[in-house]
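Using full-length UniProt numbering, read the sequence shown as starting at 1 and increasing by one per residue.
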Amino acid sequence: MNKEEILNELLQYFINENRDVHINSIPSDYKEKRNLLRALMNIREPEPIDSKILKLQDELLKEETVNRNPVDPCKLPTIAEAFKGRSIPFSEKLVLWQGDIISISADAIVNAANSKLLGCFVPLHRCIDNAIHSAAGVELRLECDEIMENQGFDEPTGLSKITKAYNLPSKYILHTVGPIIDDKLTKEDCRMLSSCYTSCLNKASEYSDIKTIAFCCISTGEFRFPKDKASQIAVESVCNWLRENPERFDRIIFNVFTGEDYNEYAKLFR
1 MNKEEILNEL LQYFINENRD VHINSIPSDY KEKRNLLRAL MNIREPEPID SKILKLQDEL
61 LKEETVNRNP VDPCKLPTIA EAFKGRSIPF SEKLVLWQGD IISISADAIV NAANSKLLGC
121 FVPLHRCIDN AIHSAAGVEL RLECDEIMEN QGFDEPTGLS KITKAYNLPS KYILHTVGPI
181 IDDKLTKEDC RMLSSCYTSC LNKASEYSDI KTIAFCCIST GEFRFPKDKA SQIAVESVCN
241 WLRENPERFD RIIFNVFTGE DYNEYAKLFR
């Protein structure tokens, strides 16, 4: 089967299994069809799935991952190389990289999750949680559901869980729930954000095959944590952790998506 034939079969399956979704016709344009598939995956509950369909989904997503030309984190310039002449602790390990986190082949990437830990159910939402689950595949929601069923309660702010990365170029995903800012920023908000970074590093350090880890900008999107303070906490938390564990990890990447986020980190490193 070619790529479009696979896409058509996946669409038919996801439409047929969800009787609450009413779609009059499937678009003819490939991009529109692909967006429809992503939307159907976004709203799908963590239910068992036909193994044949899962295999087709994996084939499609793996090809898309390859086509993104995954970035090798060890080939990215470190802070020591990019910001020469600046005295930054552990600058030979730290990296500032602007790009899409689903396109980096770090051993582990960090997902800014919500307390249900099942991913974003809003079709085609632009949050990182949606992007990661969409690119990883429905297996990720199934594993997260199993974790949460065993836990029996919502994921607390500031902690982390680890899963496989499935169809992403990474091996693992670290899921952490950052603080939500509804009013003024508090010391407790800052402490909880720092805990997100520390918890992810602690969890990742339990796995000997995790040598590189890419952090997203936790809580600065939908959760409204001020970007300037969040970047400061991120760098300080990682450096403080490395002071206690100086031999751990080859690269820790601060992954940013926008120029605004990049500039906040760059100010610190300059």
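Virtual Cβ for every residue (Gly too), placed ideally from N, Cα, C.
All values derive from a computational prediction rather than experimental measurement.
With respect to A106, I213 sits close: the two C-beta atoms are nearer than 8 Å.
Cα atoms of K161 and N24: separation of roughly 40 Å, rounded to the nearest angstrom. Your pair S91 and T78 checks out as a contact, with CB atoms roughly 6 Å apart and the cut at 8 Å.
DSSP, read as helix, strand or coil, puts T176 in strand. A136 carries a helical assignment under DSSP once its states are collapsed to helix, strand and coil.
Using a 10 angstroms sphere on the CB of T186, the tally of other CB atoms stays under 16, which defines it as exposed. Shortest Cα-Cα distance from S195 to any of K33, T163, L159 involves L159. The beta carbon of H125 sits closer than 6 Å to none of the beta carbons in its chain outside the five residues before and after it.
T163 has I173 as its beta-bridge partners, per DSSP. Comparing C-alpha distances from Y166 to each of M41, E139, D154 shows the shortest one belongs to E139.
Of all alpha-carbon atoms in K93, K84, E59, the one lying nearest the alpha-carbon of K75 is that of K93. Annotation for S231: E264, Y265, L268 place their beta carbon closer than 7 Å to its own, counting only its chain and skipping 5 residues before and after. Rounded to the nearest angstrom, the gap between the Cα atoms of K211 and L56 is 31 Å.
The Cβ atoms of T198 and S237 lie closer than 8 Å to each other. In the DSSP assignment, the residues bridged to Q98 are V256. For the pair S28 and S219, the Cα-to-Cα distance works out to about 38 Å. Here the alpha carbon of N111 sits roughly 16 Å from the alpha carbon of Q98. Check the Cα spacing between E17 and each of M1, E5, I43, K33: the tightest is with I43.
For E260, same chain residues with a beta-carbon under 8 Å away, outside a window of 5 residues either side, are K227 in chain order. Note on geometry: alpha-carbon atoms of P156 and T65 lie some 31 Å from one another.
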